[in-house]
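See below for the structure under consideration.
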Amino acid sequence: LDTVPPVALEPASAAVGIESMLTGVLGVGERLPTWSGAYENPIAESSGFAALALGVGMALIAFLLISITIAVSAFTVGLIDGAWLLRRLNRRQLRGRVREQDDPLDPFLRSRDAVDEKGIESRPGPTATPCPRWWGLGLVSVVGPVRTENQDHAIAWDQGQFRVIVVGDGMGGLPRGKEAATTATRRVARHLAAQIADGNMLSRPLEVIREGFNVAAGALRITAGITGNGDGLRTTLIVVVLTPQAMFWGYIGDGGLWVYRQDGTIDNILTGHKDPDAPNVLFASLGPTVEGYPEIGSTGRCPGDVVFVGSDGVFDRVPDAAEFSASVVDAARDHFNGDLQRTVDEVGRQLSAARDTDGTPICDDNLTLAVAVPDNEAPPARVSRPREEPAHV
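Structure below.
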C-alpha cells in the first residue's frame, strides 16, 4: 500500500476499484464502504514515521556503543601504559637550573643566547626552578685568547637532589674535536637525566656513570658511520654527580677534578691519562673506537666542600690548586654575594686576559670551569690573606 500514490477517482469507479484492491491485497473478506474524492493512505503515513523513528533510534544506539567501546579501549591502554607514560614525562621534568655552554642547545635545554663584550658565546639554559643563589652552581666555557674555536663543551644542571656536571674537551685541536665533545656530552647528559628520573642513580650510581661512557662512545660510532669518516672525532669526558652525601664521578682523558675542603686542603681526584714522556699525548679517550678505559669512583663529602671541574686549559695552568680554589671561594663570598655563576664568569675573563711579562697569553687553550657545592650550605671559613682584585687568579 505504501507504493500507491494518492489519485483522484470518479465516485462510482473509485469505490469499486479500491474495494477490490484492498480485499485482494489485505485478504479482507467484508465489504468496505465506498467513498469518493481524493484518496489518502493513513497506514503508509504511520509506517513512514515508525521507520524514521526506528532508524534514528538505531543510529543513537550504535553511536553510544561505539563511544563506550572507545572509552573502554582508551582506559585499558592507559592502565597498561600508565607507568611508561609517567616515566617519559618525568624524564622531561629536569628540576633546577640547566646550563649548556658554547654550542646551540637542543630544544629541551634551549632558553636564550648571550654574547659578552668580546663576542664569546655563552648560552645559559632554562631555569625551571631557580637554583638557590647562595653557593649553587657556576659554569663557564670560553674560547680563550689563542684558539679560534672552542672545542670544549660542558653541561650542568640540578635534578631533584642531584647536581650534575659533564665536561668534554675535543682532543688536541683535531678538526672534529668540537663535534666529538658536543656529541659525547649531550648524549651522556640525556642518559643521566633519564636514569635519575627512573631512580637508577639512587640504586646503582657507579653503573649508571659507566653506562654513560658506553652510551657516549656509541653515539660517536654512529656519527662516524653516518658521515663515513671518524678521523679527528675524539674527546675527553668528565662526569660528576653530586648528592648531599657523596660525589660520584667518572673520567677518561685529562682535565681537572678536585674537592676544596673546608680546612683548605685539596682532594685531587683526576689523574690524567697522559704519557709521562709526552704530556700532550693521551692514552685514553673517547671516539668511534675507545682507547683505554674510564676511571669510575665515588668520594665522600663534608659540609663546606666545593667541587672544581673543568678542562686542561684551566687546570694545567693553575700552579697552586689550594691557592686558586681559595681565591675563587673568597671572590664568591666577598664580591659576588655567593653567586657562583658570576664568579666563574669573572674567572674565565681574567684567565683569558692573563699575560706573561712579554705579553704572551698564559692560557693557550679553551677554558672551561664548573664550580659547585653538593647542596646549598653556608660557605667555608674564609682564608685570611691579602687580596687586591676580586677572583684574582
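Under this note's numbering, the letters of the sequence shown match residues 725 to 1117, in that order.
The C-beta atom is built at its ideal place from N, Cα and C for all residues, glycine as well.
Here the structure is a predicted model, which means the values were calculated and not measured.
Exercise. Which runs of the beta strand (DSSP E) spanning at least 3 residues fall entirely within the stretch 980-1029, listed in chain order?
Worked result: 980-984, 990-992, 1002-1006, 1019-1024
Exercise. Roughly how many angstroms separate the alpha carbons of P968 and I920, rounded to a whole number?
Worked result: 15 Å
Exercise. Cβ atoms of G942 and F1118: under 8 Å apart, would you say?
Worked result: Past the boundaries of the shown model lies residue 1118; the chain is included only from 725 to 1117, so the question cannot be answered.
Exercise. So A1045 and I889 are in contact, right, with Cβ under 8 Å, and what is the actual spacing, rounded?
Worked result: The beta-carbon separation of A1045 and I889, rounded to 18 Å, does not stay under the 8 Å limit for a contact.
Exercise. Do you know how far the Cα of T947 is from the Cα of D987?
Worked result: 46 Å
For this session: Go through its chain and collect everything with a Cβ distance to T907's Cβ below 7 Å, but skip five positions before and after it.
Result: Around T907: A943, L944, T947.
Exercise. How would you write the range of the beta strand (DSSP E) that A970 sits in, first residue to last?
Worked result: Residues 970-976.
Exercise. In three-state terms, what does DSSP make of R857?
Worked result: Residue confidence is low: R857 scores 43 on pLDDT, short of 50, so the model does not pin down where it sits. Its coordinate-derived value is still stated next. Coil at R857, not helix or strand.
Exercise. Closest to R911 by CA distance: which of A905, A940, R887, V1033 is it?
Worked result: A940
Problem set entry | Where A1078 falls: helix, strand or coil (DSSP) | In the structure shown, A1078 sits in coil (DSSP, three-state: anything other than H, G, I, E or B).
For this session: Confirm, please, whether the CB-CB distance from L966 to Y975 is below 8 Å.
Result: At a Cβ-Cβ threshold of 8 Å, Y975 and L966 do not count as neighbours.
Problem set entry | Simplified DSSP assignment, three categories, for H877 | strand
Exercise. How is I962 classed by DSSP in three states: helix, strand or coil?
Worked result: strand
Problem set entry | Given N938 as reference, the closest of L1064, S791, G1016 once Cα atoms are compared | G1016
Exercise. Hey, quick one: how far does the beta strand (DSSP E) through V890 stretch, first residue to last?
Worked result: 886-894
For this session: Sort G884, A880, K902, R887 by Cα distance to V867 and report the nearest one.
Result: K902
For this session: Could you pull out every residue in the same chain whose Cβ sits closer than 6 Å to the Cβ of G1072, ignoring the five residues on either side in sequence?
Result: Correct list, in chain order: V864, V866, L1091.
Problem set entry | Boundaries (first-last residue) of the alpha helix (DSSP H) holding V1053 | 1045-1058
Exercise. Below 8 Å between beta carbons: does that hold for G1011 and R934?
Worked result: no
Problem set entry | Per DSSP, the bridge partner or partners of Q1065 | Answer is none; Q1065 lacks a bridge partner.
Exercise. Mapping DSSP to helix, strand and coil, what is S865?
Worked result: strand
Exercise. Assuming A905 and G892 make a contact with CB atoms under 8 Å, what is their CB distance in whole Å?
Worked result: 4 Å
Exercise. Contact check, R1025 vs A970 under 8 Å by CB: the rounded distance?
Worked result: 6 Å
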